[in-house]
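Novice: Structure in structure tokens, see below.
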Amino acid sequence: MSNKLDQLKQFTDVVADTGDIEAIRRFSPQDATTNPSLILKAAELPQYQALIEGLIEAQGKGQRDAQWLQRAATQLAVEIGAEICHLVPGKVSTEVDARLSFNTDAMVAEGRYITKLYQQKGIGKDRLLIKIASTWEGIQAAKILEEEDIECNLTLLFSLIQAAACADAGATLISPFVGRILDWHVARGLKPNTANDDPGVQSVIAIYSYYKQHDYKTIVMGASFRNIEEIEALSGCDRLTISPALLAELSEDQETLVRQLRPDMHFSTHDKLELNESAFRWALNEDAMATEKLAEGIRAFAADQVKLEALLSEWN
């Protein structure tokens, strides 16, 4: 009997949620995703110290003002992403600065800039996903980038209304968060008895169902898992991005994994949502969990971006 990770790979594209090259080598995922928090952790690993030294030398050790630091941090994310590209056959997600999450034009410019940096390293658009927060402005930025054949991963996604808007915008992929939804409910006294009762799992199933029912091509990639039971409950989802710790746990489990989701399974019907900006903002406002977790996620990623820039500022 193969382990659960190998079984999962038979019907779901497994993506490594890390910037750790050694973990990626170990688990052989299809794709890999990064974010400012993961890049910050990766920057502290011994194997990246020489890379950072080279980057600092290339950027110049002069006055490290705000613009220098932002560009250096973006370059570092690309350097790490390029290393990962050599290890996975599929795509690598690289995130735009979370501080731009409410500025469509700035996110478009950053997405183009990240793509250009990868191309300068010989890595084409077909290997990349530009990762953008699922704000209204972020979704509009993704729409523009997708029209330029720059594929996007819409992240920090906690609700069906965000997912519907992303699909309407033609986003290549969305990353609905499971564990952070569970965290919000647990903090308010909910303790699910099983993974099927987990509100994060239920949210991804609802989005997956909506997409398949209305024939959207946007890929659903469940993210932010707290345990392997959540992963098992979403087995069969288009993609799942999983941390090294949970990849290891799956690889050590020899029990049978039963597929739960299929594109042709019978779903409960949900009318297609007709969206414009005001309808999107109102629906998101009415969802306290999604509103709070989206804002919290943006703040956390922005804070880690600042920490990364501080690390680069102090590098000798």
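Take 722 as the starting number for the sequence shown in this note's numbering and just add one per residue. Ideal Cβ positions, reconstructed from N, Cα and C, are used throughout, including at glycine. Every value quoted in this text rests on a predicted model; they were computed, and no experiment measured them.
Which partner residues does F898 have in the DSSP bridge list?
Specialist: Mapped onto the sequence shown, residue 898 falls at position 177. DSSP output for F898 lists A944 as bridge partner(s).
Novice: Report the option in C806, A1000 and Q934 whose CA atom is closest to the CA atom of H991.
Specialist: Translated into positions along the sequence shown, residue 991 becomes position 270. Taking only the C-alpha atoms, the option nearest H991 is Q934.
Novice: Which value, in whole angstroms, describes the spacing of the CA atoms of D919 and I1019?
Specialist: One-based indexing of the sequence shown puts residue 919 at position 198. One-based indexing of the sequence shown puts residue 1019 at position 298. Roughly 23 Å separates the two Cα atoms.
Novice: Taking C-beta to C-beta, are M942 and L961 nearer than 8 Å?
Specialist: Walking along the sequence shown from the start, residue 942 turns up at place 221. Walking along the sequence shown from the start, residue 961 turns up at place 240. In this structure, L961 lies closer than 8 Å to M942 by Cβ.
Novice: So is S999 buried or exposed if we call it buried at 16+ other beta carbons inside 10 Å?
Specialist: Here residue 999 refers to the residue found at position 278 when the sequence shown is read from its first residue. Per the 10 Å Cβ criterion, exposed.
Novice: Quick check: the region 776-791 against the region 807-815, are at least 3 beta-carbon pairs closer than 8 Å?
Specialist: No: the two stretches stay apart, fewer than three of their Cβ pairs being nearer than 8 Å.
Novice: Thinking just about the alpha-carbon of each residue, which of S758, L1033 and F1001 is nearest to the one in C887?
Specialist: Locating residue 887 in the sequence shown gives position 166, where the first residue counts as 1. Among S758, L1033 and F1001, the Cα nearest to that of C887 belongs to F1001.
Novice: Tell me whether D752 is buried or exposed, calling it buried when 16 or more other Cβ atoms sit within 10 Å of its Cβ.
Specialist: Position 31 of the sequence shown, counted from the first residue, corresponds to residue 752. So D752 counts as buried.
Novice: Between F946, L1033 and Q1026, which lies nearest to V817 when the distance is taken from Cα to Cα?
Specialist: Here the question's residue 817 lines up with position 96 in the sequence shown. It is Q1026.
Novice: Could you check where the alpha helix (DSSP H) with K1091 kicks off and where it finishes?
Specialist: Since the first residue of the chain shown is 722 and the last is 1037, residue 1091 is not available in this structure.
Novice: Quick check on this structure: which residue in S956, D959, T977 and N948 has the alpha carbon closest to the alpha carbon of P965?
Specialist: Position 244 of the sequence shown, counted from the start, is the residue given in the question as residue 965. Answer by Cα proximity: N948.
Novice: Between Q791 and E1030, what straight-line distance do the alpha-carbon atoms span, to the nearest angstrom?
Specialist: Numbered from its first residue, the sequence shown carries residue 791 at position 70. Numbered from its first residue, the sequence shown carries residue 1030 at position 309. About 7 Å.
Novice: Count the other CB atoms, across all protein chains shown, that sit within 10 Å of the CB of L911; report buried if there are 16 or more and exposed otherwise.
Specialist: Within the sequence shown, numbered from 1, the residue matching residue 911 stands at position 190. By the neighbour-count rule (16 or more Cβ atoms within 10 Å), L911 is not buried but exposed.
Novice: Would DSSP call T754 helix, strand or coil?
Specialist: Taking the first residue of the sequence shown as 1, we reach residue 754 at position 33. T754 falls in the strand class under three-state DSSP.
Novice: So L955 packs on Q923, CB below 8 Å; how close in whole Å?
Specialist: Taking the sequence shown and counting its residues from 1, the one referred to as residue 955 is at position 234. Taking the sequence shown and counting its residues from 1, the one referred to as residue 923 is at position 202. About 10 Å; that fails the 8 Å criterion.
Novice: Would R901 pass as a contact of S945 if the rule is Cβ separation under 8 Å?
Specialist: On the sequence shown, position 180 is the one that residue 901 refers to. On the sequence shown, position 224 is the one that residue 945 refers to. Yes, the Cβ-Cβ distance between R901 and S945 is below 8 Å.
Novice: Using the C-alpha atoms, what's the distance from E831 back to K864?
Specialist: Here residue 864 refers to the residue found at position 143 of the sequence shown. Here residue 831 refers to the residue found at position 110 of the sequence shown. The straight-line gap from Cα to Cα measures roughly 14 Å.
Novice: Would G921 pass as a contact of L903 if the rule is Cβ separation under 8 Å?
Specialist: As a first step, residue 921 is located in the sequence shown; it is residue number 200 there, counting from the start. As a first step, residue 903 is located in the sequence shown; it is residue number 182 there, counting from the start. Yes, they are a contact pair.
Novice: Could you give the first and the last residue of the continuous beta strand (DSSP E) run that contains V736?
Specialist: On the sequence shown, position 15 is the one that residue 736 refers to. Start and end: D734 to D738.
Novice: Taking just the CA atoms, how far does A1021 sit from T754?
Specialist: As a first step, residue 754 must be located in the sequence shown, where it is residue number 33. As a first step, residue 1021 must be located in the sequence shown, where it is residue number 300. Distance between the alpha carbons of T754 and A1021 is about 17 Å.
Novice: Give the DSSP-derived three-state secondary structure of N1006 in the structure shown.
Specialist: Along the sequence shown, one-based indexing puts residue 1006 at 285. Looking at N1006 - three-state DSSP - the assignment turns out to be helix.
Novice: With a Cβ-Cβ cutoff of 8 Å, do A884 and Y931 count as a contact?
Specialist: Position 163 of the sequence shown, counted from the first residue, corresponds to residue 884. Position 210 of the sequence shown, counted from the first residue, corresponds to residue 931. In contact: A884 and Y931 (Cβ atoms closer than 8 Å).
Novice: Put A1011 into one of helix, strand or coil per three-state DSSP.
Specialist: For the purposes of this step, residue 1011 is identified with residue 290 of the sequence shown, where counting begins at 1. If DSSP states are grouped into helix, strand and coil, A1011 belongs with the helices.
Novice: Quick one: grab the DSSP three-state call for S814.
Specialist: As a first step, residue 814 is located in the sequence shown; it is residue number 93 there, counting from the start. Strand.
Novice: Any chance the region 1007-1019 sits against the region 730-746, with 3 or more Cβ pairs inside 8 Å?
Specialist: Judged by Cβ distances under 8 Å, the region 1007-1019 makes no contact with the region 730-746, as fewer than three pairs qualify.
Novice: Based on the DSSP output, what are the partners of N874 in its beta bridges?
Specialist: Here residue 874 refers to the residue found at position 153 of the sequence shown. According to DSSP, N874 bridges with K852 and L894.
Novice: Once the 5 residues before and after D734 are set aside, which same chain residues still bring their CB inside 6 Å of it?
Specialist: Translated into positions along the sequence shown, residue 734 becomes position 13. Contacts found: Q751 and R960.
Novice: When you compare only the Cα positions, how much space is there between V809 and I928?
Specialist: Position 88 of the sequence shown, counting from 1, holds the residue named residue 809. Position 207 of the sequence shown, counting from 1, holds the residue named residue 928. Those two C-alpha atoms are separated by around 27 Å.
Novice: Going by beta-carbon coordinates alone, are I882 and A1004 separated by less than 8 Å?
Specialist: Residue numbering aside, residue 882 sits at position 161 when the sequence shown is read from its first letter. Residue numbering aside, residue 1004 sits at position 283 when the sequence shown is read from its first letter. Going by C-beta atoms, I882 is nearer than 8 Å to A1004.
Novice: Could you work out which residue in E858, A744 and A827 is closest to A890 when comparing CA atoms only?
Specialist: Here the question's residue 890 lines up with position 169 in the sequence shown. Nearest C-alpha to A890: E858.
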